[in-house]
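>
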Amino acid sequence: MNAEQAAAALTRVATEVGATLSRRMAGEYTEDEWGFDEEFAELAFPFFEFLYDHWWRVEVSGIEHVPGHGRALMAANHAGSIFPFDATMIGTAIMKEHPLPRFSRALVLNWAFELPYISLFLRKVGGVPAVPDNAVRLLRQDDLVMVFPEGLKGTGKPFAERYRLARFGRGGFVEMALRTGAPIIPVAVVGSEEIYPKLAESSALARLVGAPFFPLTPTFPWLGPLGLVPLPSRWRIQFCEPIDVSGYGPEAAGDHALLFDISEQVRERVQEAVYDNLVARGAAFM
Amino acid sequence: MARGDKRSSGGKRVVITGVSSRWGTELARTLERDSSIDAVIGIDLHPPAEDLVRTEYLEADIRNPVISRVLPSLEPDVLVHCGIVWYPEPDKPARALHDINVIGTLQLLAACEKTPSLKAIVARGSAAIYGSAPSTPAFFTEEMARSYPLETRFQRDISELESYFENFDRRHPKITCCMLRYQPEIGPDLDVPLMRYFNLPVVPTQLGFDPRLQLLHAEDATEALAAAVANPVNGAVNVAPSGTISLTKLLRLAGRPTLPLPHIVAEPILSRFGRDALGAADLSTDGLRLLRYGRGCDNTRLRQEIGFEPRFTAEGAVRDFVAKASGRRLLPSAHPAGLRSRLNTDHSSSPASAAAQSVPEVGS
Chain A
1 MNAEQAAAAL
11 TRVATEVGAT
21 LSRRMAGEYT
31 EDEWGFDEEF
41 AELAFPFFEF
51 LYDHWWRVEV
61 SGIEHVPGHG
71 RALMAANHAG
81 SIFPFDATMI
91 GTAIMKEHPL
101 PRFSRALVLN
111 WAFELPYISL
121 FLRKVGGVPA
131 VPDNAVRLLR
141 QDDLVMVFPE
151 GLKGTGKPFA
161 ERYRLARFGR
171 GGFVEMALRT
181 GAPIIPVAVV
191 GSEEIYPKLA
201 ESSALARLVG
211 APFFPLTPTF
221 PWLGPLGLVP
231 LPSRWRIQFC
241 EPIDVSGYGP
251 EAAGDHALLF
261 DISEQVRERV
271 QEAVYDNLVA
281 RGAAFM
Chain B
1 MARGDKRSSG
11 GKRVVITGVS
21 SRWGTELART
31 LERDSSIDAV
41 IGIDLHPPAE
51 DLVRTEYLEA
61 DIRNPVISRV
71 LPSLEPDVLV
81 HCGIVWYPEP
91 DKPARALHDI
101 NVIGTLQLLA
111 ACEKTPSLKA
121 IVARGSAAIY
131 GSAPSTPAFF
141 TEEMARSYPL
151 ETRFQRDISE
161 LESYFENFDR
171 RHPKITCCML
181 RYQPEIGPDL
191 DVPLMRYFNL
201 PVVPTQLGFD
211 PRLQLLHAED
221 ATEALAAAVA
231 NPVNGAVNVA
241 PSGTISLTKL
251 LRLAGRPTLP
261 LPHIVAEPIL
271 SRFGRDALGA
281 ADLSTDGLRL
291 LRYGRGCDNT
301 RLRQEIGFEP
311 RFTAEGAVRD
321 FVAKASGRRL
331 LPSAHPAGLR
341 SRLNTDHSSS
351 PASAAAQSVP
361 EVGS
């Protein structure tokens with residue numbers, strides 16, 4: 001009886017998947033104006049969920065600081081020299097832990113959009129090129145936007161400098177928040193630094209493949225594709241209390257002193273939260 | 001659609017350059033029906049389609065300085081510049097393109113300097129000025145045109161053409177200079193490189209890339225131009241549908257089989273080599289980049305300032321195209337060989353010979 005039920009359930013699932021696929025092959029699927037494909041993102045979700053639950057055993061705090069609707073800008077520390085998985089894990093945390101789950105949009109390093117398949121995948125799951133105008137348009141559409149102010153300086157830093165935040169650029173993310181009146185939510189991620197420990201880098205290989213930097217980790221590129229498997233560190237993500245900047249008004253976006261002030265305030269908050277969570281986590285891989 | 005004429009004392013006189021191009025002719029056809037327009041005068045090197053009745057045709061070359069004597073005598077209120085090549089193709093030499101687009105515009109603007117009756121110039125330009133690159137705004141607004149490097153020769157030509165317009169605009173604050181930046185158009189009977197590409201029996205795509213596109217419905221393209229003539233605004237205006245559609249989705253909706261190829265292979269096949277050796281589409285560098293990285297334009301100015309709301313979204317335009325194109329493709333198969341042979345068996349002793357007879361008829 002049970003076997004019969006299971007067989008019936010399996011057939012139903014197979015039929016559903018088949019119907020979805022053939023519908024998609026006929027072009028009947030929805031992508032928003034950014035090319036975000038919600039159905040595709042949901043299909044990819046189980047993979048991220050596996051990484052979240054079992055591979056990195058993510059623990060989350062402060063999820064209540066993420067608004068259930070309306071615009072907000074999350075600013076997080078950045079790490080993971082080959083594939084920065086931090087964006088996907090922050091997104092997964094909101095989908096899994098928030099009472100009102102919502103997709104977030106990540107501003108992605110521009111170079112990624114030159115790459116075949118990777119650019120396509122990023123776009124379909126909600127990534128957009130990290131151009132200020134894109135962030136402003138998304139925030140005006142009341143989206144939840146994720147930004148990594150350290151940028152390449154974050155992902156490219158050597159393992160010895162892990163969890164020490166790099167400089168926060170020119171405060172461009174604060175400008176986006178000021179122009180749109182969106183609150184800034186500092187986000188601290190712990191665990192992402194250990195997934196691909198960057199011991200050295202090769203500028204010759206970077207030039208060869210046209211990459212901004214070419215990381216050498218204990219496994220990459222020595223083990224080939226196997227070297228792309230991230231190490232199973234233990235992760236913690238903390239969403240800090242939002243910083244409301246709407247009081248300054250959009251004209252304050254041109255005030256560089258203010259941009260640096262707020263940017264530094266966010267950086268300090270993230271750094272502090274990173275240290276707190278590092279202590280709370282204890283051993284990296286246990 | 002706003003059709004308010006700001007200067008309603010007497011009708012307008014409209015001069016259209018490049019009147020024999022598809023978009024020039026369609027505009028003339030639309031303006032002929034508009035009673036607020038006194039005269040439509042078309043300039044080109046060869047006469048336009050014959051169904052234009054009210055349009056006066058004048059054979060002239062805008063690249064020739066003689067245009068400076070011709071244009072003032074026509075006493076235009078509005079000049080619509082359609083004498084632009086919008087679709088670079090590999091077999092159109094870059095010099096010839098430059099000649100028409102840049103030198104032609106330059107001579108035309110020199111003629112405008114000597115035309116005191118002129119109140120507005122509307123140029124039907126191209127959104128190709130923004131180019132296509134991996135990391136650009138998902139939606140270009142008008143002021144972003146020069147914040148990104150000009151990658152291709154065509155892009156530089158369009159940019160140069162626009163800079164002459166801006167210069168003219170600065171010198172003549174009383175003349176409204178409206179530069180329309182058109183996204184590529186889509187329509188079943190359009191003979192342009194991009195449409196030839198979509199109509200290939202098997203469509204080669206660039207492996208791992210799926211650009212976001214905005215294709216403007218051909219009807220919207222014409223109506224937007226007429227709206228800009230009725231209500232020109234100063235500066236650049238993007239003419240694009242709302243939303244975007246990805247190339248993959250477009251080709252799937254159209255039911256076209258695709259052949260993803262690494263772009264080092266796809267590029268020669270889709271450009272000159274493909275045309276000469278395979279009879280396939282011939283796309284320029286601009287077209288190839290568009291089909292790799294895509295391009296989106298913000299159409300807020302078009303909707304709010306010119307007051308034209310495109311009837312079709314990016315996806316709607318494609319769906320309408322598919323509905324019309326497939327309607328036409330169905331025609332030949334309305335009498336399939338099998339059906340005809342079965343019908344013929346009633347009159348013929350041998351079904352095999354009837355089927356054999358019917359084959360060439362179907363093919364014709």
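Same order as they appear, the protein sequences are chains A and B. Going letter by letter, the first sequence gives residues 1 to 286 in our numbering. Going letter by letter, the second sequence gives residues 1 to 364 in our numbering. Quick reminder that beta carbons are idealized off the backbone N, C-alpha and C, glycines included. Nothing here was measured: the structure is a model prediction, and the numbers come from that model.
1) For a contact meaning CB atoms closer than 9 Å, what does B/Ser126 contact in chain A?
2) Can you give the Cα-Cα distance for A/Gly247 and A/Thr180, rounded to whole angstroms?
3) By Cβ distance, which residues of its chain are closer than 7 Å to A/Ala182, with the 5 residues on each side in sequence left out?
4) B/Leu200 CB to nearest chain A CB: under 8 Å?
5) Let me know the secondary structure DSSP gives A/Asn134 once reduced to three states.
6) Within 8 Å of any Cβ in chain A, is that where the Cβ of B/Asp286 sits?
7) Please name the residue, chosen from A/Ser119, A/Ser81, A/Val136, A/Lys124, that lies closest to A/Pro250 on a Cα-to-Cα basis.
8) How would you list, in chain order, the residues of chain B whose beta-carbon sits under 8 Å from the beta-carbon of A/Met25?
9) Please list, in chain order, the residues of the region 131 to 142 of chain A that have any C-beta partner in chain B closer than 8 Å.
10) Would you report the Cα separation of A/Phe168 and B/Ala266, rounded to the nearest angstrom?
11) Applying the criterion that 16 or more other CB atoms from any shown protein chain within 10 Å of the CB defines a buried residue, is A/Met25 buried or exposed?
12) So if DSSP puts B/Arg204 in a beta bridge, which residue, or which two residues, is it bridged to?
13) Is there at least one Cβ from chain A nearer than 8 Å to B/Arg181's Cβ?
14) Near B/Tyr148, which residues of its chain fall below 8 Å by C-beta distance, leaving aside the five closest residues on each side in sequence?
15) Closer than 8 Å, Cβ to any Cβ of chain A: which residues of the region 190 to 216 of chain B, in chain order?
16) What would DSSP say about A/Ala284, mapped onto helix, strand or coil?
17) Under 7 Å, CB to CB, which of the residues in the region 109 to 130 of chain A have a partner in chain B?
18) So what's B/Arg153 in DSSP terms, helix, strand or just coil?
19) Taking 8 Å as the threshold (beta carbon to beta carbon), is B/Lys114 in contact with chain A?
20) Any beta-carbon of chain A closer than 8 Å to the one on B/Ala240?
21) Short of 7 Å in beta carbon distance, which residues of its chain neighbour B/Leu302, apart from the five on each side in sequence? Order them along the chain.
22) Thinking C-beta only, is A/Glu264 closer than 8 Å to A/Ser233?
23) Decide if the region 101 to 115 of chain B is in contact with the region 65 to 76 of chain B; the criterion is three or more beta carbon pairs, one per stretch, under 8 Å apart.
24) So what does B/Asp44 bridge to, in DSSP terms?
25) Under a three-way DSSP split, which group does B/Gly402 fall into?
26) Going by beta carbon distance, what residues of the same chain come within less than 8 Å of A/Gln5, once the five residues before and after it are set aside?
27) If you measure beta-carbon to beta-carbon, which residues of the region 125 to 144 of chain B are closer than 8 Å to chain A?
28) List the residues of chain A that B/Thr300 touches, going by C-beta distances under 9 Å, in chain order.
29) On the criterion of 16 or more Cβ atoms from any shown chain inside 10 Å, does A/Trp56 qualify as buried, or is it exposed?
30) Following the continuous beta strand (DSSP E) through A/Tyr117, name the residue where it begins and the one where it ends.
In brief:
1) None at all; the shortest Cβ gap to chain A is about 21 Å.
2) 11 Å
3) Arg71, Ala72, Leu73, Leu139
4) no
5) helix
6) no
7) A/Val136
8) Arg252
9) Val131, Asp133, Asn134, Arg137
10) 40 Å
11) exposed
12) Going by the sequence as given, residue 204 of chain B is Pro instead of Arg. According to DSSP, B/Pro204 bridges with B/Leu259.
13) no
14) Tyr130, Gly131, Ala133, Thr136
15) Gln206, Leu207, Gly208, Phe209, Asp210, Arg212
16) coil
17) Asn110, Phe113, Glu114, Pro116, Tyr117, Ser119, Leu120, Val128, Pro129
18) helix
19) no
20) no
21) Ala224, Val237, Asn238, Val239, Phe308
22) no
23) yes
24) B/Glu59
25) The first residue shown for chain B is 1 and the last is 364, placing residue 402 of chain B beyond what the model contains.
26) none
27) Pro134, Ser135, Thr136, Pro137, Ala138, Phe139, Thr141, Met144
28) Correct list: empty, because the minimum Cβ distance to chain A is about 11 Å.
29) buried
30) That residue, A/Tyr117, is in no beta strand (DSSP E); it is neither H nor E in DSSP.
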